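The structure appears right after this line, and notes come after that.
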Amino acid sequence: MADNKKKTFRAIIIGGGPVGMYLAHALQETGIDYVLCEKRDAIPPATAFGLFLWPHGLRLLHQVGLIDQTEAISSLLTKITHVGPTGEVVREYSDFGFIQLAHGYPVRMFDRASLSRMLYDTLREPGAHIRTSKQLVDVERRAGGVTAVFADGTREEGSIVIGADGIWSPVRNLMRRDAPEGLFEENPYVAGYRAVFGRAPLPRQGIYSSSSASSASLLEPERQVEFHRDGAMLQLFASRREVHFISYRKLAEPRRERKGFSTDVDATDEAIAPWLDTRIAEDVTFRDLWRTRAAAGGANLDEGMVRMWNWGRMVLVGDAAHKLLPNQGMGANGGFEGAASLVNQLTALLRHEPDPDAAGLRQAFAAYQAERQGVMAAYQRMARDELDGWTRGGGEGGPPLDALRAADGLISPMVACSVRLDAVPFPDERAGFSPWVYKVPAEAARAAGGGAKL
Ligand SMILES: Cc1cc2nc3c(=O)[nH]c(=O)nc-3n(C[C@H](O)[C@H](O)[C@H](O)COP(=O)(O)OP(=O)(O)OC[C@H]3O[C@@H](n4cnc5c(N)ncnc54)[C@H](O)[C@@H]3O)c2cc1C
Numbered sequence: 012m013a014d015n016k017k018k019t020f021r022a023i024i025i026g027g028g029p030v031g032m033y034l035a036h037a038l039q040e041t042g043i044d045y046v047l048c049e050k051r052d053a054i055p056p057a058t059a060f061g062l063f064l065w066p067h068g069l070r071l072l073h074q075v076g077l078i079d080q081t082e083a084i085s086s087l088l089t090k091i092t093h094v095g096p097t098g099e100v101v102r103e104y105s106d107f108g109f110i111q112l113a114h115g116y117p118v119r120m121f122d123r124a125s126l127s128r129m130l131y132d133t134l135r136e137p138g139a140h141i142r143t144s145k146q147l148v149d150v151e152r153r154a155g156g157v158t159a160v161f162a163d164g165t166r167e168e169g170s171i172v173i174g175a176d177g178i179w180s181p182v183r184n185l186m187r188r189d190a191p192e193g194l195f196e197e198n199p200y201v202a203g204y205r206a207v208f209g210r211a212p213l214p215r216q217g218i219y220s221s222s223s224a225s226s227a228s229l230l231e232p233e234r235q236v237e238f239h240r241d242g243a244m245l246q247l248f249a250s251r252r253e254v255h256f257i258s259y260r261k262l263a264e265p266r267r268e269r270k271g272f273s274t275d276v277d278a279t280d281e282a283i284a285p286w287l288d289t290r291i292a293e294d295v296t297f298r299d300l301w302r303t304r305a306a307a308g309g310a311n312l313d314e315g316m317v318r319m320w321n322w323g324r325m326v327l328v329g330d331a332a333h334k335l336l337p338n339q340g341m342g343a344n345g346g347f348e349g350a351a352s353l354v355n356q357l358t359a360l361l362r363h364e365p366d367p368d369a370a371g372l373r374q375a376f377a378a379y380q381a382e383r384q385g386v387m388a389a390y391q392r393m394a395r396d397e398l399d400g401w402t403r404g405g406g407e408g409g410p411p412l413d414a415l416r417a418a419d420g421l422i423s424p425m426v427a428c429s430v431r432l433d434a435v436p437f438p439d440e441r442a443g444f445s446p447w448v449y450k451v452p453a454e455a456a457r458a459a460g461g462g463a464k465l
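Residue 25 in our numbering is what sits at position 14 of the sequence shown, and the numbering runs on without skipping anything.
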């Protein structure tokens with residue numbers, strides 16, 4: 012007997028990090044059915060570190076109706092101060108304020124737990140779409156779809172699997188298993204830096220007006236302070252209540268081993284030890300901040316670009332596809348954009364083929380990768396060049412700030428060219444003096460014969 016039941020396209024998202032959770036909203040708003048499976052037992056991470064969203068990331072949250080909620084849980088970043096190796100302030104800029112004028116949205120600082128809680132709470136029927144304690148162990152192919160298999164023996168059936176499962180992506184490993192040998196590397200990423208990151212309450216003595224600026228009185232809300240030395244850098248980001256920090260240490264040799272995130276860090280860590288006696292505010296040293304930390308963790312900062320982002324009915328987004336150094340704060344922003352780009356391709360495909368075959372999917376996945384890979388490679392290189400420059404203390408003179416700032420001039424035009432969702436109305440989109448450059452919608456590109464032909 013013929014199966015008359017109409018098949019509905021369903022995406023299985025693996026991973027409930029920031030990119031997976033944004034993707035859930037983007038699919039919801041475009042009317043594509045999905046289920047999101049996360050291996051942790053809750054969506055908000057247990058240890059909450061800082062995360063910045065740039066105007067293009069905030070714009071995407073605005074488009075899915077979350078700008079008020081976003082503003083309620085974040086604080087602004089408007090200023091940046093650089094302190095050289097001798098403890099002197101070498102530059103002060105208000106570039107982040109300028110960015111808001113340019114693009115209509117500012118740069119905002121979040122703690123990850125609040126961001127992911129907000130992304131969860133604002134989904135329609137989150138309980139029906141989000142599954143926790145689901146560790147993916149396999150993806151089985153079947154006619155017209157895939158079955159995701161989890162460590163607890165449960166299964167989810169869907170049309171595609173989207174790996175938003177981070178730097179060590181299990182979905183990527185399964186793609187590698189199925190693909191011709193040599194197409195996927197076992198570990199596509201390499202680390203040139205180690206970092207320790209964390210957060211602590213804002214020291215009361217740290218709050219001063221910027222008019223009294225000196226390296227001893229810089230810790231105030233909305234300000235980022237960077238301390239530079241040869242081979243090392245300390246970044247501090249102050250909100251009204253907290254200071255988020257990242258300390259970087261250049262590794263003697265690039266490392267390819269899997270030394271991922273761990274909360275097992277102490278003051279002897281090579282990324283922390285050089286900064287303990289650094290004065291970060293009047294009568295406050297970094298040691299004081301470290302002692303009062305609410306959370307801290309360390310990792311080798313892997314970076315790189317995966318050559319191929321799809322295989323069969325599996326496709327990668329976020330850190331699973333591209334890993335950037337965190338100094339410019341573009342990893343999650345770029346992941347949001349990639350998720351939007353993928354959803355645009357899927358929306359255009361599904362409008363004509365509600366139950367697409369593998370060839371149709373491959374074409375959509377390839378068009379998504381083609382749109383995003385070059386941009387992310389450029390962001391990746393810019394972050395590495397900047398960190399290499401920032402950690403060149405250069406003796407008395409400090410890092411080559413003028414050169415680095417000139418190179419940063421590329422960021423704003425790249426932000427202006429960022430992706431938004433084609434199929435979601437956006438009447439109240441904000442704009443600044445550097446207007447958004449709108450891309451040809453994926454559907455129109457298909458109709459005009461654009462995109463990959465495989
Ligand atoms: C110190 C630091 C600071 C940063 N600051 C910024 C910043 O300011 N701005 C910015 O844009 N980016 C920043 N980044 C980068 C940003 O954190 C990442 O780009 C972002 O977290 C990537 O999100 P993701 O959802 O792709 O992956 P992840 O956040 O890694 O999430 C992956 C999820 O997949 C889950 N998972 C893994 N395996 C499985 C499995 N088998 N089954 C089910 N689930 C699984 C994991 O538990 C996890 O929840 C920073 C990074 C670091 C290290």
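Cβ atoms here follow ideal geometry from the backbone N, Cα and C, with glycine treated the same way. All of these numbers come straight from a predicted model, not from anything done at the bench.
Check, Outcome
"M120 versus G323, E268 and L247, residue with shortest Cα-Cα distance", "L247"
"Backbone CA spacing between A350 and S250 [nearest angstrom]", "28 Å"
"Contact set for L335: own chain, Cβ-Cβ below 8 Å, skip 5 residues either direction", "E314, M341, G342, G345, M387, Y390, Q391 and A394"
"Any non-hydrogen atom of ligand 1 closer than 7 Å to L147 Cβ", "yes"
"Beta-carbon gap between R21 and G169 smaller than 8 Å", "yes"
"M186 in three-state terms, based on DSSP", "helix"
"W322 - DSSP class collapsed to helix/strand/coil", "strand"
"Alpha-carbon spacing of L8 relative to S86, whole angstroms", "With the chain represented from 12 up to 465, any question about residue 8 goes unanswered, as that position is not in the structure."
"Endpoints, the alpha helix (DSSP H) within which R70 is located", "P66 to Q74"
"Endpoints, the beta strand (DSSP E) within which N311 is located", "A306 to M316"
"Proximity of F256 and L300 at Cβ, strictly below 8 Å", "yes"
"Contact belief for A307 with G209 at Cβ below 8 Å, rounded distance in angstroms", "3 Å"
"T63 vs L88 beta-carbon contact at 8 Å", "According to the sequence provided, residue 63 is Phe. The question's Thr does not apply to it. Going by C-beta atoms, F63 is nearer than 8 Å to L88."
"Euclidean distance between Cα positions of F476 and V182", "What is shown of the chain runs 12 to 465, which leaves residue 476 out entirely."
"Beta-carbon proximity of A244 to T92, cut-off 8 Å", "In the sequence on display, residue 244 carries Met and not Ala. The answer is no: Cβ separation not under 8 Å."
"Per-residue DSSP class, three states only, for S105", "coil"
"Between the CA atoms of M325 and I171 - distance to the nearest angstrom", "6 Å"
"Proximity winner among M425, T81 and S445, relative to R123 (alpha-carbon distances)", "T81"
"DSSP state of E196 mapped onto helix, strand, coil", "coil"
"Under the three-state DSSP convention, the category Y116 falls into", "coil"
"C-alpha gap between M316 and E454, whole angstroms", "27 Å"
"Assigned exposure category for S222 - 16 Cβ within 10 Å defines buried", "Summary for S222: the model assigns pLDDT 40, below 50, so the residue's position carries little reliability; its value from the coordinates is reported in the next sentence. Its Cβ having fewer than 16 others within 10 Å, S222 is exposed."
"F7 - containing alpha helix (DSSP H), residue span", "With the chain represented from 12 up to 465, any question about residue 7 goes unanswered, as that position is not in the structure."
"Which of helix, strand or coil DSSP assigns to S220", "For S220, the pLDDT reaches just 41, beneath the cut-off of 50, and the residue's location in the model is therefore unreliable, although a value from the coordinates is still provided. In the structure shown, S220 sits in coil (DSSP, three-state: anything other than H, G, I, E or B)."
"Beta strand (DSSP E) segment containing R240, residue limits", "R234 to R240"
"M129 CB to nearest heavy atom of ligand 1 below 7 Å", "no"
"Residue environment, A206, which counts as buried when at least 16 other CB atoms sit within 10 Å", "buried"
"At least 3 beta-carbon pairs within less than 8 Å: the stretch 284–297 vs the stretch 176–191", "no"
"CA-to-CA distance, V148 to A162, given in whole angstroms", "6 Å"
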